[in-house]
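First the structure, in the form of structure tokens, and then the observations on it.
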Amino acid sequence: MNILVIGATGLIGSHTLAALQRTGHHAIGASRKKPAGALATWKELDIGSLTDAQAWLPHLEGIDAVINCVGIIRESRPNDFQRLHQQMPIALFAACEQVGVSRVVQVSALGSQMHASTAYWRSKGAADADLLQRRLSATVVRPSLVYGDQGASSRVFTMMASLPLTIMPMAHSALVQPIHVDDLADVLVKLLTGTSPAPRELAAVGPRAMTIAAYIEALRAGMAWPPGRVLALPAVPARLLARCAELLPASALTLDSLRMLEQSADGSNTAETGAVCAILGRALRRPEDFAGPGQRARAICVWAFPVCRWVIAFLWLWTAYASWFGWPHAQSLDWLAQCGLPHAWGAPVLLAASVLDAAIGMTVLIARRAWIWPPQMALVLGYTTIMSLHLPQFWMHPFGPLSKNLPLLALMFVMWRLAANAGKQD
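Residue numbers (UniProt numbering): 1 to 426.
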């Protein structure tokens with residue numbers, strides 16, 4: 001079969017594409033840009049602009065089945081939900097009906113309805129309703145929370161599991177039913193390629209419903225961490241936090257996502273597992289088996305990398321302030337003179353050093369690139385060398401102003417390599 005996977009670079013789409021290839025089907029990925037190293041046939045499409053059925057027709061030639069895996073958790077531009085979740089899929093489904101595509105699967109979300117309380121759910125629900133009323137062999141799959149090692153929400157949850165104490169809104173009341181992305185991908189492959197009649201709608205859920213706190217504890221157990229504590233953030237500060245988080249473009253925490261958590265407390269976003277297991281032909285993975293000890297280092301890095309970056313940025317900014325405003329200039333100028341600097345150059349060099357330190361601190365805060373770390377290491381090494389030659393007494397200072405540069409250099413080296421690795425993964 002020739003199967004078009006739309007949104008093939010996302011978590012669900014990429015795993016579905018790989019699962020189709022493993023089973024011997026000709027899977028064609030579709031996204032804005034083909035990933036580096038991708039072996040599958042690819043259609044590079046500006047999917048968000050394909051909101052008319054006629055625009056889809058050339059891309060459906062020779063296609064036997066289509067799966068739409070496009071989904072965003074929050075809008076980066078106004079009307080993104082309507083455009084990507086509703087208008088684009090409806091145009092796609094109309095084109096599939098026109099050319100006679102034999103099988104269509106829509107990956108939606110548990111809780112999606114046309115009259116739901118959030119724009120995310122409503123936009124998904126509108127596309128679902130459109131597909132179900134068409135003369136197509138179609139299934140709407142509504143997954144619960146999906147776990148995958150590369151998934152953004154999964155990284156957040158494994159990060160929380162790596163901490164002995166964490167706090168989260170609705171931690172002990174919101175119910176989720178996590179499913180592993182490999183299980184979900186296998187279900188989607190069977191729906192696309194199976195010969196037995198497929199359901200029109202399917203709740204793709206994991207083996208059991210659980211609170212978010214219980215889910216985090218299950219991930220802890222899988223990664224072989226000792227038990228920890230998960231505290232529930234009260235409603236008022238949770239809403240305030242969500243409002244603030246909405247200002248961050250990459251944050252998945254919004255007032256709408258918080259509202260979806262609140263509404264899940266009644267169990268309405270859980271389901272029986274019988275239908276999923278029947279299609280899968282085996283038991284679902286337990287949440288305790290989602291992440292293993294091999295994920296421990298990655299889970300720690302999710303929080304350790306930004307914390308270390310903020311600390312190093314603070315160090316540079318504080319040094320800039322202390323050098324010019326906090327420490328007596330006479331003492332600083334005397335040290336510069338001992339390093340061989342002419343007296344007339346002392347004040348300008350001190351000012352330039354303070355400005356440079358401040359600029360580095362701001363760069364560390366703003367620029368998340370690997371190239372920012374080698375210049376810092378070179379500068380710290382230069383400071384250390386000059387002071388070692390001209391002010392060696394600081395090696396014996398009880399506060400260790402020079403000896404502390406050694407662990408700082410080691411930390412900067414680690415940050416450099418972690419940033420370089422993150423860049424390659426992106």
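Here a beta-carbon is modelled for each residue, glycine too, at the ideal position from N, C-alpha and C.
| query | result |
| --- | --- |
| Alpha-carbon to alpha-carbon, Leu175 and Leu317 | 43 Å |
| Under 7 Å between C-beta atoms of Ser144 and Val205 | yes |
| Under the three-state DSSP convention, the category His115 falls into | coil |
| Among Ala352, Tyr120 and Ala337, nearest to Ile386 - alpha-carbon criterion | Ala337 |
| Alpha carbon of Asp64 to alpha carbon of Val99, nearest angstrom | 10 Å |
| Secondary structure, alpha helix (DSSP H): runs of 4+ residues fully inside the stretch 216-300 | 235-245, 255-263 and 274-280 |
| Complete alpha helix (DSSP H) runs within the stretch 44-117 (minimum length 4 residues, chain order) | 53-56 and 88-99 |
| Contact the stretch 366-381 vs the stretch 407-421: 3+ CB pairs below 8 Å | yes |
| Among Ala129, Val146 and Gly148, nearest to Thr139 - alpha-carbon criterion | Ala129 |
| Where Thr9 falls: helix, strand or coil (DSSP) | coil |
| 8 Å contact criterion, which residue 427 and Ser173 should meet: CB distance rounded | The structure shown does not extend to residue 427, since the chain is modelled only from 1 to 426, so the question has no answer here. |
| Euclidean distance between Cα positions of Pro407 and Gly400 | 11 Å |
| Helix, strand or coil at Gly125 according to DSSP, with G and I counted as helix | helix |
| Cβ-based neighbour list, Met159, same chain, cut-off 6 Å, excluding 5 preceding and 5 following | Ala299, Val302 and Trp303 |
| Phe289 burial status per 10 Å Cβ neighbour count (16 or more: buried) | In the sequence as presented, Phe is not what sits at residue 289; that position holds Asp. So Asp289 counts as exposed. |
| Burial state of Ser332 (16 or more Cβ within 10 Å) | buried |
| Ala378 beta carbon near the ligand COA (any heavy atom closer than 6 Å) | In terms of ligand content, the structure shown is empty, and the ligand COA therefore cannot be addressed. |
| Close-in-space but distant-in-sequence residues of the same chain around Leu163 (CB under 8 Å, 5 per side omitted) | Gly228 and Trp303 |
| Range covered by the beta strand (DSSP E) that runs through residue 433 | No information on residue 433 is available, as it lies outside the stretch 1 to 426 that the chain covers here. |
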